[in-house]
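**Q**
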């Protein structure tokens, strides 16, 4: 009986661990798929010539809601300084808890400044996407 | 049994316990095996998720690197029409764009290059590729005007630029590519900034350009496969895979005499004449009155989607309406006749010689047929151009060109490039069954005109350049300041549908409106469609602007394609042989054929629904 109880206990723990692993895997898959969708929107968004940091909540809402309309915002309006942490938000339609962050800067190599070659320009921007504080995807956008 | 005694080994209780143990062990073993299977599967799924993440991250990083390379290429100097960053990179081994890990190699039609990069994240590769054309063909512009304002309406597609003012006619104008002008935008006939859409961006204070000055006529003449001498007018007929060129002596006008009559005064004759008596009657009669009524302009006014001009800046016009009212008036009515004798002037007819002008056409000097492939240069004018083309041709005239009929691209199966070019009530859309390998460029030093005698419904597939004059309807005259007026009598035609591009010094105009917003002369309806295929496959010898042009960047997880497969471990190890892009059975010794297919497919994919949207 002891052996049975012990075996059952171990098996239960094992099943639980597997279940947790499966849920974590599904969560990661949802995160990367959603991240891909967000990055796709950010690369389709017009670069524009708006002042840095001028994006409004309404424009973010238009960009991040669950439809294909990117709204009136521009990538340049989301640009922040190299020391800024980015624009945080939550997605109401995302099935898992967690915070997203978009960070748009001219610091192309993430060394904390905009002094290197091709940096500090409004027509070449680095786009970073974070989930729960961890870097997820990054790319560079240039003016067409 | 004594309580102090143990059961024997064969006692039923001991046997039952053993069986139970076996069952437990077997069950536990089965569950453990199931758990192992389950956990193994979970581990595999976790690894797959992790690989997806790495592939996705690598693809986006690769895309970013290619974007940086685009910046380098875009900012490079040009020497002799060659982009120096591309040139310098191609001279290196490996051919990397400086400051990036992006490899460049020739790909596709002449002047096209592939930029490719592979990034690694935990040994998982992601690739990005873009195609760049070293120079932007002049055919990239839908409209380009240097010295005058430009007026457009509807939904013209492709890049639009004027060094002066851009006039946008009628509400709901839609532009899908960059629209720029040096003199600002003005909105007419109900158009406004609010109801005009600039999907590709707009710049109402752009720098002036002088692209027409860069066209080298001597170079075009030197590269021509046929040069028609000066002093002869040409009729050019596009006949599928052939071009028929007929050269004529210049015609002239002769004065031809003919006999006629005229009335001259004869003698006075004294004779009896019958005259009418009148009486005054007071009666009610209809009296014509007039009043002015304000008519506002609507979007259904003339001009559907073409180059347009004239009219006024008001939102409507005053129209005179007539009506009749009955009023009492003194009216003179006949009241019999009477006879009287008086001197009457007589007239006699006398013969007279008059003269009339007669056009004597020039005689045919030479008629030749050529394969529709290459540059044809005419020292004099092309007085008639029309037909169907299945080839790649540039026609160059040192004078003017007159388009006298429809010009269409047709393929070997008789399919036209666009559907409904001659049916203005139907949509003007690309033909999905058309096999594309066609380009027609027409370059004239003077004007390119749509003849007054052309059909009422016409289609033109071509890129048109007038270096020192305009492209437009023959029945419209443009003065030096860009003001338009009718040239001769009214000639109102039904529809002109055009795909291609127009570049000219003076204002292009196919439709002239009067002050009431109605068509004064020209085409009532129209459509202008930018031919994106000319970007990848411009007409032979077509001039280019020292600006690189790109297809959209494509990124994906996994390997990229490049001939440089064995580059050092900088993330370039995972290229695949681009020759695998060829279809099975195709000849293997032309890499550009595969890339041309890829360019076409990529271009279609990048073009997306732009090719199937309503115009």
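Chains as they are written, first to last, in the numbering used here: chain A, 1 to 144; chain B, 1001 to 1615.
All residues carry an ideal CB built from backbone N, CA and C; glycine is no exception.
Computed from a predicted structure; not experimentally measured.
When you compare the CB positions of residue 1062 of chain B and residue 1128 of chain B, do they come within less than 8 Å of one another, or not?
**A** Against a cut-off of 8 Å, the Cβ pair of residue 1128 of chain B and residue 1062 of chain B comes out as a contact.
**Q** Could you tell me the boundaries of the alpha helix (DSSP H) in which residue 1243 of chain B lies?
**A** No alpha helix (DSSP H) holds residue 1243 of chain B; the beta strand (DSSP E) holding it covers 1242-1249.
**Q** If residue 1508 of chain B sits next to residue 1143 of chain B, beta carbons under 8 Å apart, how far is it from one beta carbon to the other, in whole angstroms?
**A** Confirmed, about 7 Å.
**Q** Could you confirm whether any beta carbon from chain B is found closer than 8 Å to the beta carbon of residue 3 of chain A?
**A** Yes - at least one Cβ of chain B is within 8 Å of the one on residue 3 of chain A.
**Q** Does the beta carbon of residue 102 of chain A sit closer than 8 Å to a beta carbon anywhere in chain B?
**A** No, residue 102 of chain A does not count as interfacial toward chain B.
**Q** In chain order, what residues of the same chain lie with their CB nearer than 7 Å to the CB of residue 1230 of chain B, ignoring the 5 residues before and after it?
**A** Here the set comprises 1379 and 1380.
**Q** Would residue 1276 of chain B and residue 1334 of chain B be called neighbours here (beta carbons separated by less than 8 Å)?
**A** Taking 8 Å as the Cβ cut-off, residue 1276 of chain B and residue 1334 of chain B qualify as a contacting pair.
**Q** Helix, strand or coil for residue 1186 of chain B per DSSP?
**A** Reduced to three states, the DSSP call for residue 1186 of chain B is strand.
**Q** Which residues mark the beginning and the end of the alpha helix (DSSP H) in which residue 1503 of chain B is found?
**A** Per DSSP, residue 1503 of chain B belongs to no alpha helix (DSSP H); it is in the beta strand (DSSP E), 1492-1504.
**Q** Taking only beta carbons into account, state which residues of the stretch 9-42 of chain A come closer than 7 Å to chain B, listed in chain order.
**A** Residues 11, 14, 15, 18, 21, 22, 25, 28, 29, 32, 36 and 39.
**Q** Applying a beta-carbon distance threshold of less than 9 Å, which residues of chain A neighbour residue 1068 of chain B?
**A** Correct list: 108, 118, 124, 140 and 142.
**Q** Going by alpha carbons, who is nearest to residue 1487 of chain B out of B/1463, B/1520 and B/1262?
**A** Of the candidates B/1463, B/1520 and B/1262, the one whose C-alpha sits nearest the C-alpha of residue 1487 of chain B is B/1520.
**Q** For residue 1216 of chain B, does the three-state DSSP call read helix, strand or coil?
**A** If DSSP states are grouped into helix, strand and coil, residue 1216 of chain B belongs with coil.
**Q** Quick test of the definition: if touching needs 3 or more C-beta pairs under 8 Å, does the stretch 60-78 of chain A touch the stretch 91-109 of chain A?
**A** Touching, yes, given that three or more Cβ pairs across the two stretches are closer than 8 Å.
**Q** Between the Cα of residue 1237 of chain B and those of B/1405, B/1454 and B/1535, spot the shortest distance and give me the residue it belongs to.
**A** Comparing Cα-Cα distances from residue 1237 of chain B to each of B/1405, B/1454 and B/1535, the minimum goes to B/1405.
**Q** Leaving out five residues on either side along the sequence, give the residues of the same chain with a beta carbon under 6 Å from the beta carbon of residue 1429 of chain B.
**A** If we look at residue 1429 of chain B and ignore the five residues flanking it on each side, its Cβ neighbours are 1419.
**Q** When you compare only the Cα positions, how much space is there between residue 41 of chain A and residue 70 of chain A?
**A** The straight-line gap from Cα to Cα measures roughly 7 Å.
**Q** Out of B/1022, B/1265 and B/1515, which one is the CA nearest neighbour of residue 1344 of chain B?
**A** Among B/1022, B/1265 and B/1515, the Cα nearest to that of residue 1344 of chain B belongs to B/1265.
**Q** Relative to chain B, which residues along the stretch 40-67 of chain A have a C-beta separation below 7 Å, given in chain order?
**A** Listed in sequence order: no entries.
**Q** When the Cα atoms are used, what is the spatial distance from residue 1472 of chain B to residue 35 of chain A?
**A** Spanning the two alpha carbons is a distance of roughly 51 Å.
**Q** Please compile the residues from chain A whose C-beta is within a distance smaller than 8 Å of the C-beta of residue 1057 of chain B.
**A** Chain A residues near residue 1057 of chain B: 136, 137 and 138.
**Q** Using a Cβ-Cβ cut-off of 8 Å (strictly less than) and excluding sequence neighbours within five positions of residue 1585 of chain B, which residues of its own chain qualify?
**A** Confidence in residue 1585 of chain B is poor, its pLDDT being 31 and thus under 50, which makes the residue's placement unreliable; the coordinate value appears in the next sentence. Taken in chain order, the list of residues that qualify is empty.
**Q** Threshold first: 3 residues or longer. Then list the beta strand (DSSP E) segments lying entirely within the stretch 1406-1430 of chain B, N to C.
**A** None, since the stretch 1406-1430 of chain B contains no complete beta strand (DSSP E) of that length.
**Q** Out of curiosity, what's the CA-to-CA distance linking residue 1461 of chain B and residue 1394 of chain B?
**A** Each residue's alpha carbon lies about 13 Å from the other.
**Q** Comparing the C-beta of residue 7 of chain A with each C-beta of chain B, is any distance below 8 Å?
**A** Cβ-Cβ to chain B under 8 Å: yes for residue 7 of chain A.
**Q** Within the same chain, show all residues whose beta-carbon is closer than 8 Å to that of residue 80 of chain A, passing over the 5 residues directly before and after it, in chain order.
**A** Correct list, in chain order: 52, 53, 86, 87, 103, 104 and 105.
**Q** Assuming the contact rule is C-beta atoms closer than 8 Å, residue 1170 of chain B and residue 1189 of chain B should be a hit. Round their C-beta distance to whole Å, please.
**A** Right, their Cβ atoms sit about 5 Å apart.
**Q** With a threshold of 16 other CB atoms inside 10 Å of the CB of residue 2 of chain A, please say whether the residue is buried or exposed.
**A** Flag for residue 2 of chain A reads exposed.
**Q** Closer than 7 Å: is that where the CB of residue 1165 of chain B sits relative to any heavy atom of the ligand NAD?
**A** Looking for the ligand NAD in the displayed structure turns up nothing, as the structure carries no ligands at all.
**Q** Using a C-beta cutoff of 8 Å, does residue 1175 of chain B count as contacting chain A?
**A** Chain A contact via Cβ: absent.
**Q** Note the first and the last residue of the continuous beta strand (DSSP E) segment covering residue 1159 of chain B.
**A** Residue 1159 of chain B -> beta strand (DSSP E) spans 1159-1162.
**Q** Run down chain A in chain order and give the residues with a C-beta less than 9 Å from the C-beta of residue 1160 of chain B.
**A** Residues of chain A passing the Cβ test: none, with the nearest at roughly 16 Å.
**Q** Would you check if there are 3 or more beta carbon pairs closer than 8 Å linking the stretch 1257-1272 of chain B to the stretch 1343-1362 of chain B?
**A** Yes, since at least three Cβ pairs between the stretch 1257-1272 of chain B and the stretch 1343-1362 of chain B fall closer than 8 Å, the two stretches touch.
**Q** Going along chain A in order, which residues have a C-beta closer than 7 Å to the C-beta of residue 1053 of chain B?
**A** Within chain A, the residues near residue 1053 of chain B are 28 and 32.
**Q** So residue 124 of chain A packs on residue 1085 of chain B, CB below 8 Å; how close in whole Å?
**A** The Cβ separation is near 15 Å, so there is no contact.
**Q** Taking the Cβ atom as the reference point for each residue, do residue 1328 of chain B and residue 1282 of chain B lie within a distance shorter than 8 Å?
**A** A contact, by the Cβ cut-off of 8 Å.
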